[in-house]
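Only one structure is covered here, and it is reproduced in the block below.
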Amino acid sequence: MKIYKTENYDKMSEKVASLLAAQIISKPDSVLGLATGSTPEGTYDCLVDWYDRGLLDFSEVKTVNLDEYKGLAPEDHNSYRYFMDQHLFDRVNIDKNNTYVPDGLADDPQKLCDDYEKLIDGLGGMDVQLLGMGHNGHIGFNEPGGEFPMACHCVSLAPRTVEANKKYFASEDVMPKQAYSMGIGTIMKAKKIFLVVSGEEKAETLGKVLHGPVTPEIPASILKFHPDVTLIADAAALSKS
Ligand code: GLP
Numbered sequence: 018m019k020i021y022k023t024e025n026y027d028k029m030s031e032k033v034a035s036l037l038a039a040q041i042i043s044k045p046d047s048v049l050g051l052a053t054g055s056t057p058e059g060t061y062d063c064l065v066d067w068y069d070r071g072l073l074d075f076s077e078v079k080t081v082n083l084d085e086y087k088g089l090a091p092e093d094h095n096s097y098r099y100f101m102d103q104h105l106f107d108r109v110n111i112d113k114n115n116t117y118v119p120d121g122l123a124d125d126p127q128k129l130c131d132d133y134e135k136l137i138d139g140l141g142g143m144d145v146q147l148l149g150m151g152h153n154g155h156i157g158f159n160e161p162g163g164e165f166p167m168a169c170h171c172v173s174l175a176p177r178t179v180e181a182n183k184k185y186f187a188s189e190d191v192m193p194k195q196a197y198s199m200g201i202g203t204i205m206k207a208k209k210i211f212l213v214v215s216g217e218e219k220a221e222t223l224g225k226v227l228h229g230p231v232t233p234e235i236p237a238s239i240l241k242f243h244p245d246v247t248l249i250a251d252a253a254a255l256s257k258s
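Final position of the sequence shown in the numbering used here is 258; the numbers increase by one with none missing.
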């Protein structure tokens, strides 16, 4: 695993954006696997800034997102589709028909998951997968457990995840407790992975990811088995590694 340690969150965001920009410039029709959450917000702001300055062209880029809350409509302000529109898609020249996020309102969860997996394979897989990491080591919404879920699936959120994400909702009661997520197998099929981690509160888990055993109890630990992973983390996140 290649590791970039940056002084702070802003420098981390610039570094991730520059790696993604290099990907888009070298392969304009790249398939980017994208992530939500507070971690990549600064990265998306950088990409939008460089687009505004005429340095980037998203017209041929395709994107597939990691996950979506079950039960949320695309226009719901807490849906990950809405997040992506607000933070990136509505701010650059990407063709929205080439942006994919699981449908939180799907009638048939299993069919949704099977179709999403097929869609990704049909696109030729992700050239790059951007990943944040939950406080408990989750990637996408692959929560700690007894095994690594392979394909796209519906997941019940871990209490630690509900705790971390409830701040975005009016109350914990209205926050969905289930979500759709790419599986670990789906993520591992990406040609390249950028793992992005910020903040001291994730330092202990990141230390376990880097130095502990590969275990489904810490889903991100599987990334050590991927041949092309780059970790971009700020000094606070790496303070226990
Ligand atoms: C969320 C998302 C993940 C994200 C992670 C970290 O719940 N499902 O894709 O990477 O948890 O979120 P944050 O960056 O806000 O800490």
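Glycine is no exception: its CB is placed at the ideal position from the N, C-alpha and C atoms.
Can you tell me whether residue i is helix, strand or coil according to DSSP?
i, result
"GLU160", "coil"
"GLY224", "helix"
"VAL231", "coil"
"LEU248", "strand"
"LYS183", "helix"
"ASP14", "A query on residue 14 cannot be resolved here, the shown segment of the chain reaching from 18 to 258 and no further."
"THR53", "coil"
"SER47", "coil"
"LYS22", "strand"
"PHE211", "strand"
"LEU148", "strand"
"VAL172", "strand"
"LYS128", "helix"
"LYS79", "strand"
Going by Cα to Cα distance, which pick from the options is closest to residue i?
i, options, result
"SER76", "LYS219, ALA187 and LEU49", "LEU49"
"LEU223", "ALA250, PRO233, LYS206 and LYS208", "ALA250"
"SER55", "GLN40, GLU24, VAL172 and TYR97", "TYR97"
"ALA207", "LEU36, LEU148, TYR99 and TYR26", "LEU148"
"LEU51", "VAL145, GLN103, MET150 and CYS169", "VAL145"
"ARG108", "ALA34, TYR68 and LYS194", "TYR68"
"SER173", "SER198, MET150 and LYS22", "SER198"
"LYS113", "PRO126, PRO91, ASN95 and ASP131", "PRO91"
"ALA39", "PHE165, LEU83, ASN25 and VAL78", "VAL78"
"LEU73", "LEU36, MET205, LEU89 and LEU83", "LEU36"
"SER155", "SER258, VAL214 and PRO244", "This sequence places His at residue 155; Ser is not what is there. It is VAL214 whose Cα lies nearest to the Cα of HIS155."
"ALA34", "PRO126, LEU105 and SER256", "LEU105"
"LYS28", "ALA252, GLU164 and GLU180", "ALA252"
"PHE242", "GLU217, GLY216, LYS209 and GLU218", "LYS209"
"LYS32", "GLU218, ASN182 and PHE211", "PHE211"
"PRO126", "VAL65, CYS171, ASP190 and GLY59", "CYS171"
"LYS44", "GLY59, VAL65, ASP102 and MET143", "MET143"
"ASP46", "PRO193, ASN115 and ALA181", "ASN115"
"LEU83", "THR53, PHE100 and ASP93", "THR53"
Residue i lies in the alpha helix (DSSP H); which residues open and close that run?
i, result
"SER30", "26-43"
"TYR197", "From DSSP, TYR197 is part of no alpha helix (DSSP H) but of the beta strand (DSSP E) over 195-198."
"GLY142", "No alpha helix (DSSP H) contains GLY142, which DSSP labels as neither H nor E."
"VAL65", "58-69"
"ILE201", "201-205"
Residue i and residue j: beta carbons closer than 7 Å?
i, j, result
"ALA196", "LYS128", "no"
"ILE239", "VAL231", "yes"
"ILE41", "VAL81", "no"
"CYS169", "TYR117", "no"
"THR247", "LYS19", "yes"
"THR178", "GLY141", "no"
"GLY121", "GLU85", "yes"
"PRO166", "ILE204", "no"
"PRO57", "GLY162", "no"
"ASN110", "PRO236", "no"
"ALA175", "ALA220", "no"
"TYR185", "ASN95", "yes"
Locate the beta strand (DSSP E) running through residue i, then write down its first and last residues.
i, result
"ASP107", "Segment: none, ASP107 is in no beta strand (DSSP E) and carries neither H nor E."
Any beta-carbon of chain D closer than 7 Å to the one on residue i?
i, result
"SER43", "The chain inventory of the structure shown lacks chain D, comprising one protein chain alone."
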